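Following this note's numbering, the numbering of the sequence shown begins with -4 at its first residue and continues without gaps. Built from N, CA and C at the ideal position, the CB exists for glycine as well. Computed from a prediction, not measured in an experiment: that's the story for all the values here.
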Amino acid sequence: MLAVRKARRKLRMGTICSPNPSGTKTSSEVCNADWMASLPPHLHNLPLSNLAIPGSHDSFSYWVDEKSPVGPDQTQAIKRLARISLVKKLMKKWSVTQNLTFREQLEAGIRYFDLRVSSKPGDADQEIYFIHGLFGIKVWDGLMEIDSFLTQHPQEIIFLDFNHFYAMDETHHKCLVLRIQEAFGNKLCPACSVESLTLRTLWENNCQVLIFYHCPFYKQYPFLWPGKKIPAPWANTTSVRKLILFLETTLSERAPRGSFHVSQAILTPRVKTIARGLVGGLKNTLVHRLALISVYPLRLSRRSQ
């Protein structure tokens, strides 16, 4: 447990994912920021869907604005309660699901990002924000942070999964897609056969970004991948035992060809869970319990090849 705590502390400080001061890597050091570039040659021609790729849940929610309006992803009852200032402070404890920024997650090795976006009531400029109960940073700011990392690490490939849209009409979608184009340009990978996509083909074409867009709007743009190409079955449970069983089952039943697959190793709070741990928040109520399955990604890696 001491080793785990030390590793977590280093991760928070960003020391296990950045090169050492000399800029070189020793034989015992693996830089998480360049782990794809460091993979052995025999994996370069393997379909990308056969690799176990680390990701994060509600990836953007390392910061939410408790002074902003409650998001359109919440019920009317929550919106009424949120008129009480204390309620938003409590909401923040359950809305923040990450403690690392996009840049820090990328440096730590995260390559799949779960993204939920929304327009903000009263905004006249069509700006789009990340959202999880409360509004987070502007999508544009997040995209620029990601693009900056990719420019510095040209062999790293990322998956941006836009899977929830709130209060967005066609104009908002066009604005968001334009932002994506402006941010990544030629780094965007056109939708194609999943089996044909390997690290080598992506490197040869200087592509680094796969955008999955869970909305029919994807049909209008060649670089938007349909959401069905990356299913993410959800256990919706607070039980570690049930979660592990669910992950084992869905992984064994994943489509053998034609799509990627997301294994969501997360516990989901219910209303009574939140009521019991209202003050403690998500981290103290559920996140620490996930340490019980901290070795589970190793099992996923073996099963997915």
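| Check | Outcome |
| --- | --- |
| Pick from 251, 248, 225, 63 that is closest to residue 108, judged by C-alpha positions | 225 |
| Start-to-end residues for the alpha helix (DSSP H) that takes in residue 98 | 97 to 103 |
| Presumed contact (8 Å Cβ cut-off) between residue 129 and residue 191, rounded CB distance | That belief does not hold up - the Cβ atoms of residue 129 and residue 191 are roughly 41 Å apart, past 8 Å. |
| Start-to-end residues for the alpha helix (DSSP H) that takes in residue 144 | 134 to 147 |
| Check whether residue 97 and residue 140 have beta carbons under 8 Å apart | yes |
| Cβ pair residue 204, residue 131 closer than 8 Å | no |
| With 16 other Cβ atoms within 10 Å as the buried cut-off, status of residue 117 | exposed |
| Extent of the continuous alpha helix (DSSP H) to which residue 167 belongs | 165 to 179 |
| Short Cβ contact (8 Å threshold) for residue 121 with residue 166 | yes |
| In DSSP terms, what residue 118 is bridged to | Its beta-bridge partners do not exist; DSSP assigns none. |
| CA-to-CA distance, residue 47 to residue 236, given in whole angstroms | 22 Å |
| Residues near residue 55 by beta carbon distance below 8 Å, same chain, minus five either side | 93, 97, 108, 110, 111, 125, 127, 131, 132, 137 |
| N-terminal and C-terminal residue of the alpha helix (DSSP H) that residue 198 is part of | 194 to 199 |
| 8 Å CB neighbourhood of residue 174 in its chain, flanking five on each side removed | 123, 134, 135, 138 |
| Assigned secondary structure, residue 34 (DSSP; H/G/I helix, E/B strand, else coil) | coil |
| Run of the alpha helix (DSSP H) containing residue 239, from where it starts to where it stops | 235 to 247 |
| Which of helix, strand or coil DSSP assigns to residue 160 | strand |
| Cβ-Cβ distance between residue 302 and residue 193 below 8 Å | The chain is shown from -4 up to 300; residue 302 falls before or after that span and cannot be answered. |
| Contact set for residue 219: own chain, Cβ-Cβ below 6 Å, skip 5 residues either direction | 206, 208, 213 |
| Under the three-state DSSP convention, the category residue 111 falls into | strand |
| Residue burial classification, residue 199 (beta-carbon count within 10 angstroms, cutoff 16) | exposed |
| Residue-level contact to chain C via CB, residue 61, 8 Å cutoff | You won't find chain C in this structure, because it holds only one protein chain. |
| Three-way DSSP call (helix, strand, coil) for residue 206 in this model | strand |
| Rounded separation between residue 272 and residue 61 - CA only | At residue 272, the pLDDT of 49 sits below 50, so the modelled position is not reliable and the matter cannot be decided from this model. |
| Inter-residue Cα distance where the pair is residue 261 and residue 100 | 17 Å |
| Neighbourhood of residue 73 by C-beta, 7 Å cutoff - its chain only, sequence neighbours within 5 removed | 65 |
| Per-residue DSSP class, three states only, for residue 129 | strand |
| For residue 238 and residue 231, the rounded distance between their alpha carbons | 8 Å |
| Span separating the alpha-carbon of residue 263 from that of residue 229 | 9 Å |
| CA-to-CA distance, residue 49 to residue 187, given in whole angstroms | 22 Å |
| Which of helix, strand or coil DSSP assigns to residue 229 | coil |
| Residue 249 vs residue 39 beta-carbon contact at 8 Å | no |
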